[in-house]
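Novice:
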Amino acid sequence: MAIIIIVSTLLLRYFVIKDFFFRTNKRRNYTLQGIYLILLGLISIYLFVKASKLELGFDFLTNEAGFALANQWLTDYSPTNTRINAYLTGVFNTIRLVIVGIALSTLLGVLVGVARLSSNWLVRKIATAYVEVIRNIPLLLQIIFWWSFTLALPTIKEYINIFDIVLISNRGTALPEILFFEGGVIIDIIRPVVTTSTNNVVSYTSGFVISTEFLAILLGLVIYTASFIAEIVRGAIQALPKGQTEAAQALGLNSFQILRLIILPQALRIIIPPVTNQYLNLTKNSSLAVVIGYSDLFLVSGIIMNKAGHAIPMFIVIILTYQSMSFLISIIMNYFNKKVALVGN
Amino acid sequence: MNSFIVRSNSWLIKNLFSSKLNILLSFCAMSLTIYFVWSLSIFVFISADWKVVDVNLRLLLLGPFPKEAEWRIWISIFWVAFMSGITYKNISRFQTKHLFNISPLILFILFLINPVNNIMITFLLALSLVCLFIGYNLPANRIFKLNQNTLNILGWAITLPLIVVFLKIFGGVETTKWGGYFLNIMLAWVGIIFGFIFGLIFAIGRASSLPVVRYSCTFYIEVIRAAPLVAWLFFAYLVIPDLLPDIFANKVDIALRVMIVLSAFTAAYIAEIIRGGLQSVAIGQIEASKALGMNGYQTTSLIVLPQAIRAVIPALVSQFIALWKDTTLILAAGLAFRELLGSGKSALAQFEFIGQYNEIYMFIGLLFWIVSFGMSRLSFSIEKDLGLNQEG
Chain A
675 MAIIIIVSTL LLRYFVIKDF FFRTNKRRNY TLQGIYLILL GLISIYLFVK ASKLELGFDF
735 LTNEAGFALA NQWLTDYSPT NTRINAYLTG VFNTIRLVIV GIALSTLLGV LVGVARLSSN
795 WLVRKIATAY VEVIRNIPLL LQIIFWWSFT LALPTIKEYI NIFDIVLISN RGTALPEILF
855 FEGGVIIDII RPVVTTSTNN VVSYTSGFVI STEFLAILLG LVIYTASFIA EIVRGAIQAL
915 PKGQTEAAQA LGLNSFQILR LIILPQALRI IIPPVTNQYL NLTKNSSLAV VIGYSDLFLV
975 SGIIMNKAGH AIPMFIVIIL TYQSMSFLIS IIMNYFNKKV ALVGN
Chain B
-18 MNSFIVRSNS WLIKNLFSSK LNILLSFCAM SLTIYFVWSL SIFVFISADW KVVDVNLRLL
42 LLGPFPKEAE WRIWISIFWV AFMSGITYKN ISRFQTKHLF NISPLILFIL FLINPVNNIM
102 ITFLLALSLV CLFIGYNLPA NRIFKLNQNT LNILGWAITL PLIVVFLKIF GGVETTKWGG
162 YFLNIMLAWV GIIFGFIFGL IFAIGRASSL PVVRYSCTFY IEVIRAAPLV AWLFFAYLVI
222 PDLLPDIFAN KVDIALRVMI VLSAFTAAYI AEIIRGGLQS VAIGQIEASK ALGMNGYQTT
282 SLIVLPQAIR AVIPALVSQF IALWKDTTLI LAAGLAFREL LGSGKSALAQ FEFIGQYNEI
342 YMFIGLLFWI VSFGMSRLSF SIEKDLGLNQ EG
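Protein chains in written order, with our numbering: chain A, 675 to 1019; chain B, -18 to 373.
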């Protein structure tokens, strides 16, 4: 609707009013904006009247939730808690996914991006194939594929054991748990163990267990986002003048030193703004966790909407949550951007 | 012969074994490649049971589309092939390297012919190839007395309405019966066209000097970009019927709602991309056009926009590719609507094919990949033609 109005205002502005109605730009502009504002106001009033027949209050969030959530992190949630608690559990799950996802996809992305410019022909070709294949396949398909993959892992009775450090099964992946003393001193590392209890129930009894859903969505997000970050890194490195590398070679630095000390610090300036965009995309893409049942904020709000209705207020909450997460990421990345920017710019 | 060995040896030493680290890397990479290629070919040629794709091919490509109405789709394919022929002639004026751009299409057709073993379908595909060659060899510009470029733009502009007409005349097929790969193509096509048009309008609105227009466009763009597309699809499913006037509410079916959401969502992103292009146009250009006596409309449409859009073609195409991939999200939003991925999931739910997800997902991935890769190649060649590519 708003679009029609913009179009008609523009048309009006250019074809009718210009030579016919008002002679000065200022008066014409004010009038046009007035008309536009009135139309916008009418539409808002209409939408508001329509929406006011629906439920608009936020008090449904304080009711008892009444559903259980599989994944939890930092919160102590049970079905008797309020819906706000359920939603917060979802938010924390999303935050956990986003933090781990951003860290891993940056690592993999930089690695692949550098590999795309490697002097080694085979490494270069493998990196190119990775980027060209992964970038052009829908993320949702990849996530569903990884989910099927993790579900097809061996059962917990026949778990895969990698040097007693990582245990993999379709019940989740167990990593060693690191216990910290106050002040960040590592006091103990507990190895993951699978035990069979007296009534023949096999489960992980120690270690840090990553659930299957988390692993699947993480694999999907990281592998997908890394292919985009790799392209950004490659473009940034290629944009640097060749003289930088040559000068570093002339100084006798080896290729790793050139990369670490000369190329990457300079490329970082070009990399940060588009990579910030990719981080925001990753944050929004984390909502695809809904298809595999990882209880992120979108899944939880979907359950709440199914149980209680109230779609419009719930959507306002969702938009605000995603927006504040994006805002936070932007602030952090802008801080980094300022740190690496050229002095004087 | 001897010099060949010397040359290939020096190539190998330069590209694979130049230092100790490189030798190690080469061996790791080689073993990885051999392992991957080996297990992939074992899977594709030996262990995979492609019957699941063979049996469900119609479901995957067309979904619940009625069998007796298939001729509508074939006519659309003929028309698109005809137009492709005309366009191909236009873009390949002096160079044959553009053949590479439509090679994914030919590959795709070959792939389709192979598993089906249906004389009728092979015949119809051959007919569409004939249409392509007719389009290529027909002196259409002389018949219609039009410039080749105008003919192209005009032809592609009427293609989508024409396809909708093909699908709707003489009884027609309801949108709820659309499905499979065909549905993905239609959704992406509609999304790209309307997303681009409205994105252009919002970008101009955001750059407008009128504060009310500027702020309302900014508000729209920022709100749409705040939430993920899945959320918007879900929102459209739940809320749009309640907000529309009662006369329209029943007419806006799910397909239309999805198309509206995809277009509105893409428009916000495209507006941001074009805004970047608008900012890249030098202020001197606008001043010069004003000095020539052009009015605001002429300055925008003849001077600013062509330069702005030209500068952002790569970003625009990657947004279109993103939209193409995002058509799968209907599945995530839980809409009762079978696009390709949804059809694949329902094929996997059949009793005899349970657990054969590798085959299905590989086939679906290939279908998506072909179009995305073709689009990115096309954008690459456009960039090259326009001289945007500085890498050489």
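Note that the Cβ used here is the ideal one computed from N, Cα and C, for glycine as well.
Quick check: is any heavy atom of the ligand NAD less than 6 Å from the C-beta of L743 (chain A)?
Specialist: For the ligand NAD, the structure offers nothing, since it holds no ligand at all.
Novice: Since Y16 (chain B) meets chain A, which of its residues come closer than 8 Å, beta carbon to beta carbon?
Specialist: Within 8 Å Cβ-Cβ: nothing; Y16 (chain B) doesn't reach chain A, min ~12 Å.
Novice: Tell me the rounded alpha-carbon separation between I1005 (chain A) and R256 (chain B).
Specialist: Going by the C-alpha atoms only, they are around 22 Å apart.
Novice: On the premise that S357 (chain B) lies in contact with V262 (chain B), defined as a C-beta separation below 8 Å, what is that separation, rounded to the nearest angstrom?
Specialist: The pair is not a contact, with the Cβ atoms about 26 Å apart (cut-off 8 Å).
Novice: At a Cβ threshold of 7 Å, is P987 (chain A) touching chain B?
Specialist: Chain B, which has no Cβ nearer than 7 Å to the Cβ of P987 (chain A), makes this no.
Novice: Apart from the five residues just before and just after G172 (chain B), which ones in its own chain have a Cβ nearer than 6 Å to its Cβ?
Specialist: Cβ within range, chain order: L243, S244, T247, L304.
Novice: By how many angstroms is the C-alpha of L815 (chain A) removed from the C-alpha of I150 (chain B)?
Specialist: Cα to Cα, the separation comes out at about 35 Å.
Novice: Taking C-beta pairs closer than 8 Å, name the residues in chain A that I345 (chain B) reaches, listed in chain order.
Specialist: Those are L815, listed as they occur along chain A.
Novice: Quick check on Q931 (chain A): buried or exposed, where buried means 16 or more other Cβ atoms within 10 Å of its Cβ?
Specialist: Burial call: exposed.
Novice: Just checking, does the stretch 909 to 916 of chain A make contact with the stretch 936 to 943 of chain A on the three C-beta pairs under 8 Å criterion?
Specialist: Touching, yes, given that three or more Cβ pairs across the two stretches are closer than 8 Å.
Novice: Going by other Cβ atoms of all chains shown within 10 Å of its Cβ, with 16 needed for buried, is R934 (chain A) buried or exposed?
Specialist: Under this definition R934 (chain A) is an exposed residue.
Novice: Run through DSSP, which three-state label would A848 (chain A) get?
Specialist: In the structure shown, A848 (chain A) sits in a strand (DSSP, three-state: E or B).
Novice: Is F75 (chain B) buried or exposed, if buried means 16 or more other CB atoms sit within 10 Å of its CB?
Specialist: Residue placement at F75 (chain B) cannot be trusted, given a pLDDT of 46 that sits under 50; what the coordinates show is reported in the next sentence. So F75 (chain B) counts as exposed.
Novice: Answer with buried or exposed for D970 (chain A), where buried requires no fewer than 16 other C-beta atoms within 10 angstroms of its C-beta.
Specialist: By the 10 Å Cβ count, D970 (chain A) comes out buried.
Novice: What is the residue span of the beta strand (DSSP E) that V868 (chain A) lies within?
Specialist: Element bounds for V868 (chain A): 867 to 870.
Novice: What does the alpha-carbon distance come out to for the pair A207 (chain B) and A50 (chain B)?
Specialist: Taking the straight line joining both Cα atoms gives about 41 Å.
Novice: Using three-state DSSP, classify V883 (chain A) as helix, strand or coil.
Specialist: Correct three-state label for V883 (chain A): strand.
Novice: Any idea which residues DSSP pairs E320 (chain B) with across the strands?
Specialist: B:G161, per the DSSP bridge assignment.
Novice: Identify which residue in B:F332, B:S65, B:L225 has its Cα closest to the Cα of I720 (chain A).
Specialist: Looking at the sequence provided, one finds Tyr at residue 720 (chain A) rather than Ile. It is B:L225 whose Cα lies nearest to the Cα of Y720 (chain A).
Novice: Between the Cα of L782 (chain A) and the Cα atoms of A:L973, A:A904, A:I773, A:N951, which residue gives the shortest distance?
Specialist: For L782 (chain A), the nearest C-alpha among the options comes from A:A904.
Novice: Could you round the C-beta distance between P45 (chain B) and G152 (chain B) to whole angstroms and report it? I think they count as a contact, below 8 Å.
Specialist: That pair is no contact at about 16 Å.
Novice: With 8 Å as the C-beta to C-beta threshold (strictly closer), list the residues of the stretch 246 to 262 of chain B near chain A in chain order.
Specialist: Residues: none.
Novice: Which residue spans inside the stretch 113 to 148 of chain B form an unbroken alpha helix (DSSP H) run of at least 4?
Specialist: You should have 121 to 124.
Novice: Where do the ends of the beta strand (DSSP E) carrying I836 (chain A) lie?
Specialist: Element bounds for I836 (chain A): 834 to 836.
Novice: Can the beta-carbon of F147 (chain B) be found less than 7 Å from the beta-carbon of L43 (chain B)?
Specialist: No, Cβ-Cβ distance for F147 (chain B) and L43 (chain B) is not below 7 Å.
Novice: Go ahead and pull the three-state DSSP assignment for V896 (chain A).
Specialist: Here V896 (chain A) sits in helix by DSSP.
Novice: Is I836 (chain A) buried or exposed, if buried means 16 or more other CB atoms sit within 10 Å of its CB?
Specialist: I836 (chain A) is exposed by the Cβ-count criterion.
Novice: How would you list, in chain order, the residues of chain B whose beta-carbon sits under 8 Å from the beta-carbon of Q918 (chain A)?
Specialist: Per Cβ cutoff of 8 Å: no residues; Q918 (chain A) is ~17 Å from chain B at best.
Novice: Can you check whether the CB of L316 (chain B) is closer than 7 Å to the CB of I235 (chain B)?
Specialist: It is a contact, given that the beta carbons lie within the stated cut-off.
Novice: Should the stretch 876 to 895 of chain A be regarded as contacting the stretch 773 to 780 of chain A, the criterion being three or more beta carbon pairs within less than 8 Å?
Specialist: Because the criterion of three Cβ pairs below 8 Å is met, the stretch 876 to 895 of chain A and the stretch 773 to 780 of chain A touch.
Novice: Does G186 (chain B) come within less than 7 Å of chain A when only Cβ atoms are used?
Specialist: Yes, its Cβ sits closer than 7 Å to a Cβ of chain A.
Novice: When DSSP labels each residue in this structure, what does E364 (chain B) get in the three-state scheme?
Specialist: E364 (chain B): helix per DSSP, three-state reduction.
Novice: Go ahead and pull the three-state DSSP assignment for F75 (chain B).
Specialist: For F75 (chain B), the pLDDT reaches just 46, beneath the cut-off of 50, and the residue's location in the model is therefore unreliable, although a value from the coordinates is still provided. Reduced to three states, the DSSP call for F75 (chain B) is coil.
Novice: Anyone know if the C-beta pair for A249 (chain B) and L796 (chain A) falls short of 7 Å?
Specialist: Going by C-beta atoms, A249 (chain B) is not nearer than 7 Å to L796 (chain A).
Novice: Have a look at B:T156, B:R(-12), B:V193 and flag the residue whose alpha-carbon is nearest the alpha-carbon of I712 (chain A).
Specialist: When each option's Cα is compared against that of I712 (chain A), the closest is B:V193.
Novice: State the DSSP-derived secondary structure class of D862 (chain A), mapped to helix, strand or coil.
Specialist: DSSP places D862 (chain A) in strand when its eight states are reduced to three.
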